[in-house]
Amino acid sequence: MVTLNLIIMIPFLAAVLIPVLYKRKAPIHIGWSVFLVPAALFVTLARYIPSVANGETYSYSMRWIPSFDINFTTYLDGLSMIFGLLITGIGSLVILYSIYYLSSDESLKHFYIYLLLFMGSMLGVVFSDNLMVLYVFWELTSISSFLLIAFWFHRKRSRYGAQKAMLITVSGGLAMLTSFIMLYLMTGTMSIRGILAAVDIHHPLFIPALVLLLVGAFTKSAQFPFHIWLPDAMEAPTPVSAYLHSATMVKAGIYLVARFTPIFGGEELWFSLVTGIGLVTLFWGSFTAVRQTDLKALLAYSTISQLGLIMSLLGIGSISLNVDSDVKTFIYTQATFAGLFHLINHSTFKGALFMVVGIIDHEIGTRDIRRLGGLMSFMPVSFTIAMIGSFSMAGLPPFNGFLSKEMFFTAVLNISQLDFFVLDTWGVLIPVIAWIASIFTFVYSMIIVFKTFLGTSRIEVGDRKVHEAPVGMLISPSILAALVLVIFFFPNIIGDYLLRPAMASVFPSLADKVELSQHISVWHGFNTEIFMTIGVIVFGSLFYRYMGGWKGIFKLFPTSWSLDTLYNNALLRLESSSTAFTRFYMTGTLRDYFLYIYLFFILAIGGALFMTGAFSTDQIHYAPVHLYEWVLILVMLAAGISIPFATTRVTAILLNGVLGYGIAALFVIFRAPDLALTQIVVETVTTVLFLLCFYFLPKWKKEMDKTTPRIKSINLLISISVGVIYVMTALSVQSGKLFNTISGFFEKADELTGGKNIVNAILGDFRAFDTMLEIVVLFIAGIGVFTLTKLKLGKGGENVEDQ
């Protein structure tokens, strides 16, 4: 088998090759070369569907940082298989769509690099078994999505949306990282499978880890109240929206919750948060979608709503880990089954809808619903795809969304009958909220179809000829629309080969007790679920027909009270506070900067010495101080004390040189000739440079000194304090040795390295990498200096060579 590690790295390697291919200007569109990457990965993963369906799993591990139990360990099971197929399959269709959607004038090189980086990062998330590796790829998805959302960076809204998405998702990622660290402290392992076997639900860190992990999942999957980033992310090109914000990135949080359900699923808090937040997100997303006038904004809120539906199903399914009856266990596991099924269905119909909206924007030049209408006569194929996708999202037959929506109704009806987790009092609200949210889902689905494609045309054509999209742009949404129908008529192919093994991954402890999958049927008779669906159609039609009469309810939710306004105000306040704080300490005065550094040193080191009682002196092991050493020290003291009182700059420079050469003399006395030579060279160069610099300065006069006596007193106090702290630290270190000196090890330099000079052996062998990096830093600094010396500026400061 091609190792999972290689599958993850292939998109990254392909991204590196994109600039080379782009530079050669191949006769075919660069997108065709990129298309081969996800297509090949999809075929590779599809080959293992039968074996994974039979219960086999695949794992591969590569050592990375074994001392911290961090290894590049990957794991393929039923759950990761679903997400891997979505990432590569939808990715292939999106790239094919982008070939015809994006203009050749766009920076295609950067677009496909970012897209491949995101694809590899998502594959890393779903295949990683190590917590730290998962976190690295998790944050890489945030970074690459930032680049994709801001692809049209010349637009202010694109930059704003990218920043907003990154701030929220990265913050959630940091919370998730904290949860991972807690899990490691609880179990002593970074492996997700290892944590499942070793976790202690009574550990005091268990609940904090649960909450922080859900924060990470909720931010990534746009759950309330973190959902506000997703509508602004719609400023990205449509291929990005169809890929990231319908099928992959927003599903990462869903994956995280499903993957960690075996660990946290038995807790009441897990059920309450996942189910409760999911239902709130479902309702608020569907309710808010109805008021949107931009098609992509409508799809954004509909995506939020659908993600809430899937999240609530995962929460309801976690109840199965708490019931004591095999029958009840089977009943409640089917909620998770429905959630995973709807996850696949949502990727098909929502991906198709995003692409159709992109076609409308590409061909008509607007996404404003108020300016559209009557497009069916111009764009019959796009209308057909939009109708299939919208009716599936509304939960109507014969489309796949109907099947998973019926299963959703079954799950909420079952959960309302439980008598624990306070469901005996509040459980009845769950099917009510789900039903009302479904009515709004029906309404916004009808808006997409009827207000865009039917009715009177309100398009101002002008010079633009309205016509159907090119065939190439229709291929991808047509495939997704076809899958919507195929899944409806043959749902058990997915049920048997994808959903059943995924359920075994989510509930490994139940796999031997009950059947985790069910036979998906199109018709279950006239039951409560079908009557709920009929009610959704009836009331949804009435709500749509008389929308003008009740739409005023949205005025009760003014934008000034919205979470977006709260976010914007918080960001503005944070920026103003940080600006004020920066202006407070960035005074432009060198003395102030030294003052901050020395005060911190005094408080941190001096405070630690006194508060911990670390200061100590032990003069027993001190070497005797000879007369000539005392003389040298007194000379240096006299020079140091005299510098502040020097009346000319030359005198101060020469006295400073006495200090430097005095240190070189001490090195000679202590038998360190190499250090002495280095000190002499450095001191000589420094003294010469000082003299050269001061030569060009105006002649110093006493009246030029504006320092007040108060400032001089503060300077003197800080200087004495820093000197005392340094001496005390040195004496304490010398007197309180906790470990044996390593000098004995270095004395074996001849034996270990073949070097006769210990210092050279240390620099060239023992700390070779450190030395190499120091040289690299000096080399980079040299390049910077060389560049500045070659830079020729004009009178206005412009680069002359660029004019």
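In our numbering, the protein residues as written are 18 to 820.
Even for Gly, the Cβ is constructed at its ideal location relative to N, Cα and C.
Neighbourhood of residue i by C-beta, 8 angstroms cutoff - its chain only, sequence neighbours within 5 removed
i	result
L53	none
M404	V466 and F470
V652	V675 and G679
F408	F416, G418, S462 and V466
G211	T204
L626	F632, I742, M745, T746 and S749
K807	none
Sequence-distant residues of the same chain with beta carbon closer than 7 angstroms to residue i, five excluded per side
i	result
G657	L676
L194	Y152
T236	I185, T186, S188, G189 and F243
I376	S399, A486 and M490
N339	G283
I348	N431
S752	S633, T634 and D635
As assigned by DSSP and simplified to three states, the class of residue i
i	result
I381	helix
A656	helix
T847	Because the chain in this structure spans residues 18 to 820, residue 847 falls outside the shown range and cannot be described.
F803	helix
I622	helix
S145	strand
D311	strand
W169	coil
I537	coil
S208	strand
I130	helix
I759	coil
L419	Strictly speaking, residue 419 in this sequence is Phe, with Leu absent from that position. In the structure shown, F419 sits in a helix (DSSP, three-state: H, G or I).
H359	helix
K367	helix
H244	helix
L413	coil
Q434	coil
P487	coil
V642	coil
E764	coil
N732	helix
Y563	coil
G542	coil
R784	coil
A663	coil
D217	coil
Bounding residues of the beta strand (DSSP E) (the contiguous stretch that carries residue i)
i	result
T634	Unbroken run through T634: none, as it is neither H nor E.
Boundaries of the alpha helix (DSSP H) in which residue i is found, first to last residue
i	result
N585	L580 to Y602
V466	Taken as a continuous stretch (DSSP letters only), V466 belongs to no alpha helix (DSSP H), as it is neither H nor E.
K237	F223 to K237
M393	It is not in any alpha helix (DSSP H) - M393 carries neither H nor E in the DSSP assignment.
M26	L21 to R41
L471	Note, L471: premise wrong, no alpha helix (DSSP H); not H, not E.
E123	Unbroken run through E123: none, as it is neither H nor E.
G48	I47 to A63
N673	R666 to I686
N509	P508 to I511
N777	I775 to A778
T703	P690 to Y712
S68	I66 to A70
L261	T255 to L261
S522	R517 to V523
Own chain, CB closer than 6 angstroms to residue i, minus 5 neighbours either side, in chain order
i	result
Y11	This structure cannot settle anything about residue 11, because the visible part of the chain is limited to 18 through 820.
G368	I107, A259, S263, A264 and L497
F611	none
A70	Y514 and P518
L290	L231
R80	N88
L357	L516 and A519
A226	S196, M199 and L200
V111	P256, A259 and Y260
P248	A314 and A317
In DSSP terms, what residue i is bridged to
i	result
Y77	T91
I82	I87
Requested in this report: Run through the stretch 275-337 for me and flag every whole beta strand (DSSP E) of 3 or more residues, listed as ranges in chain order.
Outcome: none
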